[in-house]
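First the structure, in the form of structure tokens, and then the observations on it.
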Amino acid sequence: MQRILFPTDFSENAWNAIVFALSLFKNEECEFFILNVFQLGSSGLVTTINRANETRLYEITKEESKRGLEKTLKRIEESYENPKHKFNTLIRISTLTNAIRQVVFDKDIDYIIMGTKGATGLKEVFMGSNTYKTIKNVDLCPIIAVPDDFKHDTIETILFITGLEHAYHTYEIKPMIDIAKILNAKIRVLYLGDINTLEPHQKTAHELIQKRLKGVNHELVILKKEKPINITIKELVEENNDIGIVCMINYWHSFFETIINESVIKKVAFNTQVPFLVMHLYD
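For what it's worth, my numbering labels the leading residue of the sequence shown as 44, then goes sequentially.
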């Protein structure tokens with residue numbers, strides 16, 4: 044059974060991420076956890092009045108969170124009834140990343156699925172930069188960031204961008220392989236650079252990646268790096284309608300950020316046109 048976490052601020056973008064996940068895993072046995080997180084500011088003065096005010100604020104905010112979660116559950120039940128799916132709601136008073144890390148650990152979560160931007164106006168912006176913070180700081184399980192205007196259709200190809208800097212173990216890329224099997228999709232492994240100038244460890248990674256993907260429809264593509272990587276990804280997605288998910292491995296001092304000096308993960312997370320799957324290495 045898949046165990047999926049939805050962090051939500053009750054925005055339409057957060058809802059769209061839920062819709063994507065419900066469609067992606069429609070034929071899978073799943074337990075979903077819908078998480079709303081809030082924080083209370085401290086006045087800094089410990090008085091009876093301040094404590095009373097903070098208690099009232101806590102009760103009001105918690106009740107709003109509870110109503111929002113109930114409304115989300117009702118919306119799911121009305122539109123996406125599926126006997127294979129079970130739902131739980133969670134409220135946490137913490138920072139977003141701390142709350143997510145705790146839930147991932149406690150509930151043995153397989154995927155975090157969240158939007159790329161959140162509510163605006165009177166509400167605090169929740170997703171946007173927080174999506175990147177989650178990708179950067181929550182390394183316990185894979186994360187899928189879903190853009191607000193993405194409509195789930197047939198996904199034929201997962202584009203896996205790699206610098207061939209690591210000989211990935213099968214378990215490290217298993218989240219991508221599992222989704223490819225669920226979608227019956229091809230994995231297109233893309234290396235941007237010159238195959239003739241690979242370092243020895245990159246040659247080893249190049250040889251091993253095909254073994255790791257044995258049993259999965261896949262292809263290896265090598266292109267010259269003529270533009271920033273995030274621009275190349277954007278153009279490939281625009282030019283190839285079959286690409287429905289972009290996937291990368293995120294880890295400290297990666298090839299992309301140390302050799303090319305690009306914060307590719309951050310740029311793709313903020314500008315993705317299709318869902319962005321980020322996996323982590325287990326050192």
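Each residue gets a CB set at the ideal place from its N, CA and C atoms; glycine is no exception.
From what residue to what residue does the alpha helix (DSSP H) around residue i run?
| i | result |
| --- | --- |
| alanine 142 | 139 to 150 |
| asparagine 273 | 272 to 282 |
Mind checking residue i: buried by the 16 CB within 10 Å criterion, or exposed?
| i | result |
| --- | --- |
| arginine 255 | buried |
| aspartate 192 | exposed |
| asparagine 59 | buried |
| leucine 233 | buried |
| methionine 157 | buried |
| tyrosine 175 | buried |
| histidine 128 | buried |
| leucine 320 | buried |
| tyrosine 214 | exposed |
| arginine 118 | exposed |
| methionine 322 | buried |
| serine 108 | buried |
| leucine 133 | buried |
| proline 126 | exposed |
| serine 122 | exposed |
| isoleucine 274 | exposed |
| asparagine 56 | buried |
So, with DSSP's three-state summary, where would you put residue i?
| i | result |
| --- | --- |
| phenylalanine 193 | coil |
| alanine 60 | helix |
| glycine 158 | strand |
| isoleucine 204 | strand |
| glutamate 107 | helix |
| valine 168 | Annotation note: pLDDT 38 at valine 168 (below 50); position unreliable, coordinate value reported separately. Valine 168: coil per DSSP, three-state reduction. |
| asparagine 180 | helix |
| isoleucine 238 | helix |
| asparagine 125 | coil |
| isoleucine 119 | helix |
| lysine 69 | coil |
| leucine 233 | strand |
| leucine 226 | helix |
| leucine 112 | helix |
| asparagine 304 | Here asparagine 304 scores only 43 on pLDDT, less than 50, and its place in the model should not be relied on; the value that follows carries that caveat. Reduced to three states, the DSSP call for asparagine 304 is coil. |
Can you tell which of the options has its C-alpha closest to the C-alpha of residue i?
| i | options | result |
| --- | --- | --- |
| isoleucine 222 | Asn260, Lys267 and Thr240 | Asn260 |
| methionine 291 | Thr205, Phe53 and Leu324 | Thr205 |
| isoleucine 238 | Leu324, Val189, Ile265 and Leu139 | Ile265 |
| alanine 248 | Gly236, Ile286 and Glu208 | Glu208 |
| phenylalanine 81 | Asp153, Glu102, Pro318 and Ser66 | Glu102 |
| serine 62 | Glu107, Thr115 and Lys105 | Rather than serine, the amino acid found at residue 62 in this sequence is valine. For the residues Glu107, Thr115 and Lys105, the minimum Cα distance to valine 62 belongs to Thr115. |
| lysine 105 | Arg135, Asn180 and Pro126 | Arg135 |
| glutamate 199 | Ala64, Asn284, Ser54 and Lys270 | Asn284 |
| lysine 270 | Ile286, Leu235, Lys257 and Glu250 | Leu235 |
| leucine 78 | Lys194, Lys257 and Gln145 | Gln145 |
Under DSSP, the beta strand (DSSP E) around residue i begins and ends at which residues?
| i | result |
| --- | --- |
| threonine 51 | Note, threonine 51: premise wrong, no beta strand (DSSP E); not H, not E. |
| histidine 261 | 261 to 266 |
| threonine 132 | 128 to 136 |
| glutamate 74 | 73 to 81 |
| lysine 254 | Segment 243 to 255 is the alpha helix (DSSP H) holding lysine 254; no beta strand (DSSP E) there. |
| isoleucine 216 | Where isoleucine 216 is concerned, there is no enclosing beta strand (DSSP E), given that its DSSP letter is neither H nor E. |
| histidine 323 | 319 to 323 |
| isoleucine 286 | 286 to 293 |
- Task: Examine the Cβ distances between the region 274 to 293 and the region 237 to 256 and report whether three or more of them are shorter than 8 Å.
- Result: no
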